[in-house]
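Chains as they are written, first to last, in the working numbering: chain Y, 1 to 115; chain X, 116 to 230.
Ideal Cβ placement from N, Cα and C applies to all residues, glycine included.
Please read the structure below before turning to the comments.
Laid out in structure tokens, this is it:
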């Protein structure tokens, strides 16, 4: 079974600075997908960014980018120019290709952006 | 664009009562999921469905039942509510193959308290 580990329960960053959230996972599969979801206090689950394992190029979405290291099974999220609205819980998630396509989540990292 | 709609948003139950959490999606997605999120934790899969008439257990199915009579609806039934079922419940949906790389879309969640 796949597992996802987020080793940083809480982090904080100053507005306009850069922060990196860590995620490692364990799988024996070669084809899969990885996601970062944001959960603000409103409780919504919002997709931030996704990465296909077969792609070597790291995904980027505006201020959000990932560092995907397949051999190390590492998938970190970098947030540049942090904004107050980035304050939220961030969850790393793994999805196998095919089958149920269910998501396996880490426990999350609570990010606080300070003014 | 309704997306995934969950009702109710909040409910308090007494121990031993039963209830149904409703989930509906209007995106014609084949795959639907129920997750629960306990305090300080990531989401865990309760049940999922890959199409009308097809359901299967996830990681934490005990105490729950589901049905999938239509593509749009995927209700979650709690029988004999217990305090351990106090949680936030999320419904999600996604297209199935050949669009398997598409992310899951989440509802806004139902906060359920069992007293």
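- Taking the CA atoms as reference points, residue 174/X sits about 31 Å from residue 60/Y.
- Inter-residue distance for residue 210/X and residue 45/Y is about 17 Å (C-alpha atoms, whole angstroms).
- In summary, the residues of the region 140-160 of chain X whose CB is separated from some CB of chain Y by less than 9 Å are 146, 148, 150, 152, 155, 156, 157, 158, 159, 160, in the order they occur in the chain.
- Using a Cβ-Cβ cut-off of 8 Å, residue 125/X does not count as an interface residue toward chain Y, since no Cβ of chain Y sits closer than that to its own.
- In this structure residue 84/Y is exposed. Its beta-carbon is surrounded by fewer than 16 other beta-carbon atoms within 10 angstroms.
- Excluding its 5 nearest sequence neighbours in each direction, residue 26/Y has C-beta neighbours in its own chain below 7 Å: 2, 3, 73, listed in chain order.
- A contact between stretches requires three or more CB pairs, one per stretch, nearer than 8 Å, and the region 13-25 of chain Y fails this requirement with the region 37-52 of chain Y.
- Shown in chain order are the members of the region 44-67 of chain Y whose Cβ falls below 9 Å from a Cβ of chain X: 44, 45, 46, 47, 50, 52.
- In the structure shown, residue 199/X adopts helical secondary structure according to DSSP, grouped into three states.
- Nearest Cα to residue 230/X within the set 121/X, 143/X, 131/X: 131/X.
- In this structure, the alpha-carbon of residue 18/Y lies about 15 Å from that of residue 88/Y.
- Contact of residue 108/Y with chain X is assigned, a C-beta pair being separated by under 8 Å.
- Residue 91/Y has a beta carbon lying within less than 8 Å of a beta carbon in chain X.
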